[in-house]
Amino acid sequence: MATSRASKQSFSARLLAQYKPGEVFSSYDFSGCGVAESTIRSTFSRLSRQGAILRLSGGYYAVPRISRVSGRAIYPDSEAVAIAVARRSRSKYMPSGAILANKYQLSEQVPARAEYLVNAAPRQISLGKSVVQFRRASKGDLDMAGTLQGELTLALRFMGPMVKDNRKVRACLSRALSPAGKSELNSWVPSAPAWLQPLISNLP
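Sequential numbering of the sequence shown, starting at 1, is according to this note's numbering.
Written out as structure tokens, the structure is:
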């Protein structure tokens, strides 16, 4: 019994040392680490009751951030959830076109729901009263996941008719991108899709 208790305490310390406030994890992240599944589940349950970790949904948990104002636990952001879901499903991921259009100042509208594309089954993860939506990506959507080129392609495709207004699009991208980002796009122009080239070439 004493050995079992020590093992659980050791795993608790290891878990809390491994993940920083705001990071998300699941039992998948501890598979093959030499700890019994029953110990992992019971430790998650105990730490969530104690408030040391937050229970999300779908088997995901997070080390909470603490508000400096209220002193209360704050749920992780949607990007942290997406990273954990992609890791568990061994998938790439990309924010939705709506999120990316807002990120690159192509749209002032903030999406009502965080949505991500993954190479995995669709799911929803609850963060208190909000929800992060994951949907299966179409073929090719994740080929350039995590790159500026891939994000801009998805954002501009989402904007639809607006991409016909080259002047407006270029002005938005010029404001949103750093000199390094503009330089990166210039080097990519020759291999970019034909419809995208006039929008990203030699941004002011």
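For each residue, glycine too, the CB sits at the ideal point set by N, CA and C.
Item                                                                                                        : Value
Whole-angstrom distance between Y104 and L177, CA atom to CA atom                                           : 8 angstroms
Coil, strand or helix - I53 by DSSP                                                                         : coil
Delimiting residues of the beta strand (DSSP E) encompassing S96                                            : Careful: S96 lies outside any beta strand (DSSP E) and carries neither H nor E.
P73 - partner residues in DSSP beta bridges                                                                 : In the sequence as displayed, the identity of residue 73 is Ala instead of Pro. Its beta-bridge partners are I66.
The alpha helix (DSSP H) enclosing F158, as first and last residue numbers                                  : 148–159
Outcome for S107 when other beta-carbon atoms lying within 10 angstroms are tallied against a minimum of 16 : buried
CB contact check: L16 to chain B, cutoff 8 angstroms                                                        : You won't find chain B in this structure, because it holds only one protein chain.
Beta strand (DSSP E) segment containing L117, residue limits                                                : 114–118
Distance, S31 Cα to A84 Cα                                                                                  : 14 angstroms
Same chain, Cβ closer than 8 angstroms to F44, neighbours up to 5 away in sequence not counted              : S27, I53, R55, Y61
Beta-carbon proximity list for M1, same chain, < 8 angstroms, skipping 5 on both sides                      : Reliability of the predicted coordinates at M1 is poor, the pLDDT of 44 falling under 50, and the value obtained from them is presented with this limitation in mind. Contacts found: none.
Residue span of the alpha helix (DSSP H) that contains Q197, given as start and end                         : 197–200
With 16 other Cβ atoms within 10 Å as the buried cut-off, status of D141                                    : buried
The region 138–158 contacting the region 85–97, beta-carbon criterion three pairs below 8 angstroms         : yes
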